[in-house]
Amino acid sequence: MRTLHRFHGGIHPASHKALSTHQSIVRAPLPNSLVIPLRQHAGEAAKPCVSTGDHVLKGQRIGTPNGMLSSSVHAPTSGTITAIALHQIAHPSALPDLCVTLIPDGKDTWIEREAVDFRALSVSELQQRLRDFGIVGLGGAAFPSDLKLRHRIKVDTLILNGAECEPYITCDDMLMRERANEIVRGIFILRHALEADEVVIGIEDNKPEAIAAMRQAVCAAQLDYAVVAVPTIYPGGSAKHLIKVITGLEVPSGKLPTDIGVQCFNVATALSVKRALDDGEPLISRIITVTGNVEQPRNYEALIGTTLSDLVALSTAKSDTNRYIMGGPMMGMVLPSANVPMVKASNCVIAASDALFPPAPPALPCIRCTRCVQVCPAELQPQDLYWFAKSNNFGKAQEWSLADCIECGACAYVCPSHIPLVQYYRYAKSEIRERSAEKLAADRARERHEYRQFRIEREKQEKAEKLAQREAASRSAATAAPSTPSVDDTQQMRINEAIERAKAQALAAHPKNTDSLTPEQQAEIAAIEARRAKILELATDAGADDEPHKIS
Amino acid sequence: MITALWVMIALAALLGVVLGFSAIRFKIEGNPLVEKIDAVLPQTQCGQCGYPGCKPYAEAIAKGEADINLCPPGGDEGIHKLADLLGVEYKPFGGDAMPKAKAVAFIDEQTCIGCTLCIQACPVDAIVGAAKQMHTVIASECTGCELCLAPCPVDCISMPAVEERLTDWKWKHPVYALRKIP
Numbered sequence: 038m039r040t041l042h043r044f045h046g047g048i049h050p051a052s053h054k055a056l057s058t059h060q061s062i063v064r065a066p067l068p069n070s071l072v073i074p075l076r077q078h079a080g081e082a083a084k085p086c087v088s089t090g091d092h093v094l095k096g097q098r099i100g101t102p103n104g105m106l107s108s109s110v111h112a113p114t115s116g117t118i119t120a121i122a123l124h125q126i127a128h129p130s131a132l133p134d135l136c137v138t139l140i141p142d143g144k145d146t147w148i149e150r151e152a153v154d155f156r157a158l159s160v161s162e163l164q165q166r167l168r169d170f171g172i173v174g175l176g177g178a179a180f181p182s183d184l185k186l187r188h189r190i191k192v193d194t195l196i197l198n199g200a201e202c203e204p205y206i207t208c209d210d211m212l213m214r215e216r217a218n219e220i221v222r223g224i225f226i227l228r229h230a231l232e233a234d235e236v237v238i239g240i241e242d243n244k245p246e247a248i249a250a251m252r253q254a255v256c257a258a259q260l261d262y263a264v265v266a267v268p269t270i271y272p273g274g275s276a277k278h279l280i281k282v283i284t285g286l287e288v289p290s291g292k293l294p295t296d297i298g299v300q301c302f303n304v305a306t307a308l309s310v311k312r313a314l315d316d317g318e319p320l321i322s323r324i325i326t327v328t329g330n331v332e333q334p335r336n337y338e339a340l341i342g343t344t345l346s347d348l349v350a351l352s353t354a355k356s357d358t359n360r361y362i363m364g365g366p367m368m369g370m371v372l373p374s375a376n377v378p379m380v381k382a383s384n385c386v387i388a389a390s391d392a393l394f395p396p397a398p399p400a401l402p403c404i405r406c407t408r409c410v411q412v413c414p415a416e417l418q419p420q421d422l423y424w425f426a427k428s429n430n431f432g433k434a435q436e437w438s439l440a441d442c443i444e445c446g447a448c449a450y451v452c453p454s455h456i457p458l459v460q461y462y463r464y465a466k467s468e469i470r471e472r473s474a475e476k477l478a479a480d481r482a483r484e485r486h487e488y489r490q491f492r493i494e495r496e497k498q499e500k501a502e503k504l505a506q507r508e509a510a511s512r513s514a515a516t517a518a519p520s521t522p523s524v525d526d527t528q529q530m531r532i533n534e535a536i537e538r539a540k541a542q543a544l545a546a547h548p549k550n551t552d553s554l555t556p557e558q559q560a561e562i563a564a565i566e567a568r569r570a571k572i573l574e575l576a577t578d579a580g581a582d583d584e585p586h587k588i589s
Numbered sequence: 134m135i136t137a138l139w140v141m142i143a144l145a146a147l148l149g150v151v152l153g154f155s156a157i158r159f160k161i162e163g164n165p166l167v168e169k170i171d172a173v174l175p176q177t178q179c180g181q182c183g184y185p186g187c188k189p190y191a192e193a194i195a196k197g198e199a200d201i202n203l204c205p206p207g208g209d210e211g212i213h214k215l216a217d218l219l220g221v222e223y224k225p226f227g228g229d230a231m232p233k234a235k236a237v238a239f240i241d242e243q244t245c246i247g248c249t250l251c252i253q254a255c256p257v258d259a260i261v262g263a264a265k266q267m268h269t270v271i272a273s274e275c276t277g278c279e280l281c282l283a284p285c286p287v288d289c290i291s292m293p294a295v296e297e298r299l300t301d302w303k304w305k306h307p308v309y310a311l312r313k314i315p
């Protein structure tokens, strides 16, 4: 039996998970159109590599990674690209982002799928494969999985996160119940890539069926993975907290789990890793829970890009539904509209009504009861952070380690004054982020300005030097004029020399046809010469102003 | 009595030598306060303060020649920061010096005649182009100082406000209803 550890704080909200676990996962029907956002992962958005009008096959890459922290995006079915344009996405800002619109042709034709033996691949080839196949963490943060295979020190423990601590969400639970064998195969590949000593699959003890299914799959595969039932406490599914519970190690602030020899993957990510290698299938679908104020809450296997309202329609939202939440009720976001596409990070959509989630009563002043301190899993001082955020004292908030806040909402959950604490922390975090970006921009502007001034100064100096050189040259020319001929003089001299040479040549030349002439010819020549002389004479008389004709 | 006097003289001479050496060895180049003030200023180099750049303004503040409320791009927060740094009273913006929304220059490339006047005016070399060639602004380097607007002979430069994008979207300060007192 493994000794488990505890993390500070945590809460026990009503789980409401049983709502959506009665029915098995069902494949959502092929929608009429798919809108696939190019930013589905942490980091830079993918670059589109198809154009409008292209026919694509299922699993064909439509977006390539842009930079280090990025991933690929694939066509979830075969069809025609009708637009690559801005479309509203699931984001609290309600701002649009670049999306590819795909009209399915209904044939669902796969691109050629090529399975590879992962043992034959090096770790970097394996990473490249995951990057090309768009594998990202499916727990909610959508961090590119290939980057999580990097580690500086040896990874002792590989943890598989099946905790799923948020209320309402059951997609990982159902996935473990129904596809445990595939998950275990994925874990095998991840362990191979990380060369981890031990594998621990952490599942909260409110999911006995999932634990049983996973244990059975591990047994069937004859592997030594430990399937551990961890106590149900929110936010026990946060990677850092699951690591603490299972290993007793704490990930230091600003460090990665691999820095302490641990790595953590979501169970659904393990399954998609298996599909990428064993089946040659990129990440184009996922399990999503549709629950809350709906007639038939259940889990769907839906294609990425399916509109959330289509999914909700499959479960029939009740008439008093007035908003939709993507993710869980604790950390999820209220969607600007249900007409947004599902992305790789969409684990749950909750139809919400005022009856189900009553609006929070008006906030009262903080009475510093410190109940938030007691439940904060990051061991922060939420009441102080609230004060600093409210008064825009961001420097102090940073000193109080605001960056370590995981925005789990436990503090707001217990606050007797109903203060929306997490909203304050999010506000402060984005202000801090903006200020640091501004600081960087200001530093760059300063540098550029200083360089410009330096350049202008240098140019001025160079000009002055040139001018001084020219002046010095002309002054020396003026003083040394008698001894050395100036440029014009030498040129004139050359011209004169050339004239002299030409004259000498003309004198030296003799007409070759004047030797040995017959008397008739000589007489003829004499006559011509006489005529010439006469004409010359006449011409000289006629034009006194004219220059005399030179006849040689 | 004499011994004590000698001891005092010797001590004074020794300490004088130490102080004199330190003054030369550990001499600080420039005023460190100027650097600190310059770090607070937004580096737009716009000259709205009446000085030819952020550094000269910082120098003027350090000398006590300039007020701390002359920098509109720094905003109200900038004044507060300067007041905190210098230990002086906060002063609101006076007259028509009011902060504007962040904007970057945009050159209408159809109208641009390629005169290079804006390139010469840009304090951070954020405009590229050559004589009789079209010019364009490197938006990521533009500080929004508006110094390129005045020299343009064909008025082809505008200053559109920077729109909020998904990548730099910010959570807003929470606003919620106060309880109604009956």
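Those sequence lines, one after another, are chains A and B.
Counted from 1, the first sequence has number 206 at position 169 by my numbering; the numbering is strictly sequential.
Counted from 1, the second sequence has number 212 at position 79 by my numbering; the numbering is strictly sequential.
The C-beta atom is built at its ideal place from N, Cα and C for all residues, glycine as well.
Check your understanding: Can we say the stretch 200 to 216 of chain A touches the stretch 150 to 165 of chain A, given the rule of at least three CB pairs closer than 8 Å?
Key -> Below 8 Å, too few C-beta pairs join the stretch 200 to 216 of chain A and the stretch 150 to 165 of chain A to call them touching: fewer than three.
Exercise for review: Alpha carbon to alpha carbon, how far is P74/A from H124/A? Give it in angstroms, no decimals.
Suggested key: Answer to the nearest angstrom: the Cα atoms are 8 Å apart.
Check your understanding: Whose C-beta lies closer than 7 Å to the C-beta of C275/B among residues of the same chain, with five residues either side of it excluded?
Key -> Closer than 7 Å at the Cβ level, and outside the excluded window around C275/B, lie V237, A238, A259.
Exercise for review: For E151/A, I'd like the list of residues in its chain whose CB is within less than 8 Å of its CB, leaving aside the five on either flank, ordered along the chain.
Suggested key: Within the same chain, Cβ atoms closer than 8 Å to the Cβ of E151/A are found at G317, the five residues on either side in sequence being excluded.
Exercise for review: For D301/B, return the contacting residues in chain A, with the cut-off set at a CB-CB distance below 8 Å.
Suggested key: Those within 8 Å of D301/B in chain A are E471, A474.
Check your understanding: Cα separation between C448/A and T407/A?
Key -> Using only the alpha carbons, I get a separation of about 9 Å.
Practice item. Name, please, each residue of chain A whose Cβ falls closer than 8 Å to the Cβ of H268/B. Key: Per Cβ cutoff of 8 Å: no residues; H268/B is ~16 Å from chain A at best.
Exercise for review: Give, in chain order, every residue of the stretch 235 to 265 of chain B whose Cβ lies closer than 7 Å to some Cβ of chain A.
Suggested key: Correct list: P256, V257, D258.
Check your understanding: Tell me, which residues are paired with M363/A by DSSP?
Key -> Answer is M370/A, V386/A.
Practice item. May I ask you to verify whether the stretch 238 to 254 of chain B touches the stretch 138 to 156 of chain B, counting CB pairs closer than 8 Å and requiring at least 3? Key: Touching, no.
Exercise for review: Specify the secondary structure class of E235/A as computed by DSSP and reduced to three states.
Suggested key: In the structure shown, E235/A sits in a strand (DSSP, three-state: E or B).
Review point. Is Q176/B helix, strand or coil when you go by DSSP?
Key: Looking at Q176/B - three-state DSSP - the assignment turns out to be coil, as it is neither helix nor strand.
Practice item. Given a cut-off of 7 Å, decide if A263/A and V237/A are closer than it, judged by their beta-carbon atoms. Key: Taking 7 Å as the Cβ cut-off, V237/A and A263/A qualify as a contacting pair.
Exercise for review: Express the C-alpha separation of I157/B and L166/B in angstroms, rounding to a whole number.
Suggested key: Rounded to the nearest angstrom, the two C-alpha atoms are 20 Å apart.
Point to revise | Cut-off 7 Å between Cβ atoms - residues of its own chain near V310/A, not counting five sequence neighbours on either side | key: Excluding sequence positions up to five before and after V310/A, its CB lies within less than 7 Å of the CB of L167, I172, S182, G223, I226, L227, all in the same chain and listed in chain order.
**Study point:** Contacts around D421/A, its chain only, beta-carbon distance under 7 Å, and the 5 residues preceding and following it disregarded
**Key:** These residues qualify, in order along the chain: W437.
Review point. Whose Cβ in chain A lies nearer than 9 Å to the Cβ of E297/B?
Key: Within 9 Å Cβ-Cβ: S130, L132.
Review point. What does Q178/B reach in chain A if we use C-beta pairs closer than 8 Å?
Key: By Cβ distance, chain A contributes A482, H486.
**Study point:** Bounding residues of the alpha helix (DSSP H) (the contiguous stretch that carries E471/A)
**Key:** That run of the alpha helix (DSSP H) goes 458 to 516.
Practice item. Can you have a look at M363/A and say buried or exposed, based on whether 16 or more other CB atoms are within 10 angstroms of its CB? Key: With 16 or more neighbouring CB atoms inside 10 Å of its own CB, M363/A falls in the buried class.
Review point. What in chain A is Cβ-close to E274/B, meaning under 9 Å?
Key: Result: A478, R481, A482, R485.
Point to revise | Alpha carbon of L212/A to alpha carbon of A179/A, nearest angstrom | key: Each residue's Cα considered, the two are about 18 Å apart.
Practice item. Take every Cβ of the stretch 228 to 248 of chain A, pair it with every Cβ of the stretch 326 to 338 of chain A, and state whether three or more of those distances are shorter than 8 Å. Key: Result no; under three Cβ-Cβ pairs closer than 8 Å.
Point to revise | Cutoff 7 Å: P307/B Cβ touching any chain A Cβ | key: The beta carbon of P307/B sits closer than 7 Å to some beta carbon of chain A.
Review point. From which residue to which residue does the alpha helix (DSSP H) around D169/A run?
Key: 160 to 169 is the extent of the alpha helix (DSSP H) around D169/A.
Exercise for review: For P165/B, decide whether its Cβ has a neighbour in chain A, counting only Cβ atoms nearer than 7 Å.
Suggested key: False, the Cβ-Cβ gap to chain A never drops below 7 Å.
Exercise for review: Could you list which residues in chain B have their beta carbon closer than 7 Å to that of S467/A, in chain order?
Suggested key: Listed along the chain, the chain B residues whose CB falls inside 7 Å of the CB of S467/A are K303, W304.
Point to revise | Y464/A at chain B interface by Cβ criterion, 7 Å | key: Flagged as an interface residue toward chain B: Y464/A, by a C-beta distance shorter than 7 Å.
Check your understanding: Does the separation of the CB atoms of Y461/A and Y488/A fall below 7 Å?
Key -> No, they are not a contact pair.
Exercise for review: For R76/A, name the three-state secondary structure that DSSP assigns.
Suggested key: Note: R76/A maps to coil in three-state DSSP.
Check your understanding: In chain order, what residues of the same chain have a beta carbon less than 7 Å from the beta carbon of P453/A, not counting five sequence neighbours either side?
Key -> C406, R408, listed in sequence order.
Point to revise | Delimiting residues of the alpha helix (DSSP H) encompassing V304/A | key: Boundaries of the alpha helix (DSSP H) harbouring V304/A: 304 to 311, taken from the DSSP string.
Exercise for review: Starting from Q420/A, follow the alpha helix (DSSP H) in both directions and report where the run begins and ends.
Suggested key: Where Q420/A is concerned, the enclosing alpha helix (DSSP H) stretches over 419 to 427.
Review point. If you count every other CB in all the chains shown that lies within 10 Å of the CB of T207/A, and 16 or more means buried, which is it?
Key: Buried, by the Cβ-count rule.
**Study point:** CB contact flag (A415/A, I456/A, <7 Å)
**Key:** Against a cut-off of 7 Å, the Cβ pair of I456/A and A415/A comes out as no contact.
**Study point:** Touching by the beta-carbon criterion (3+ pairs, under 8 Å), the stretch 350 to 369 of chain A and the stretch 74 to 89 of chain A
**Key:** No, they do not touch.
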